[in-house]
Structures are given as C-alpha cells and as structure tokens.
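Undergrad: FYI, the numbering for the sequence shown is 259 to 336, going by this note's numbering.
We put the beta carbon where it would ideally sit given N, CA and C, even for glycine.
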Amino acid sequence: MNINLADFGSNEEIKQHVTHALSAYGEVESVHIFEPAPSNPQHIVLATMTDMEQARIASSSLDLRSFGHKSLIIPVSK
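#1: Where does Glu317 land, buried or exposed, given buried means 16+ other C-beta within 10 angstroms?
#2: So for Leu280, helix, strand or coil by DSSP?
#3: Roughly how many angstroms separate the alpha carbons of Glu285 and Pro296, rounded to a whole number?
#4: Hey, quick one: how far does the alpha helix (DSSP H) through Ser268 stretch, first residue to last?
#5: May I have the straight-line CA-CA distance separating Gln274 from Val289, to the nearest angstrom?
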C-alpha cells in the first residue's frame, strides 16, 4: 500500500482510505498522519490495529513495515 497525496484532498480522506483498506484485515484502532520533518522529508501514516495477528497479516499482505506489535507504517508520496 502506498498513498499518493494527489489522490486525496485532506488528511481526513487519507485516514478514511487507510481505515477502509485495513478493515479488510481487522479493526483499526487509530490512524495518525505525521507531517514531514527535517530528519524525514516525507509524510508518514501510522495505523494501529486492535489485534496483533491481524496487524501481522495486513503488514505481510500489503507489504508494509510494522512498528511494535500492532502498528503499521504506510508511506505517503506526493
């Protein structure tokens, strides 16, 4: 999963898209969007699922990096 900012008008639309895509694997607990920083010039979406196994399956199926046991890092491109 890779998100292109040009496809969405707002951060809320990105959150809805991520929640919808991940809900196929289980319940999404939260979605946070981090703005670019000097150390990382790219937007990052951090999605946390309620179940560790569902997060692992989503990570594997969608080729995402995991953060902790239930969180997924989703790259955002311009």
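TA: So, from the data block:
#1: The residue you call residue 317 lines up with position 59 of the sequence shown. Position check: residue 317 holds Ser in this sequence, whereas Glu was assumed. Counting Cβ neighbours within 10 Å, Ser317 comes out buried, since at least 16 surround it.
#2: Along the sequence shown, one-based indexing puts residue 280 at 22. It is helical.
#3: The residue given as residue 285 occupies position 27 in the sequence shown. The residue given as residue 296 occupies position 38 in the sequence shown. Near 33 Å, if we compare the C-alpha coordinates of Pro296 and Glu285.
#4: Translated into positions along the sequence shown, residue 268 becomes position 10. For Ser268, no alpha helix (DSSP H) run applies, since DSSP gives it neither H nor E.
#5: Taking the sequence shown and counting its residues from 1, one reaches residue 274 at position 16. Taking the sequence shown and counting its residues from 1, one reaches residue 289 at position 31. Rounded to whole angstroms, Gln274 to Val289 spans 9 Å at the Cα level.
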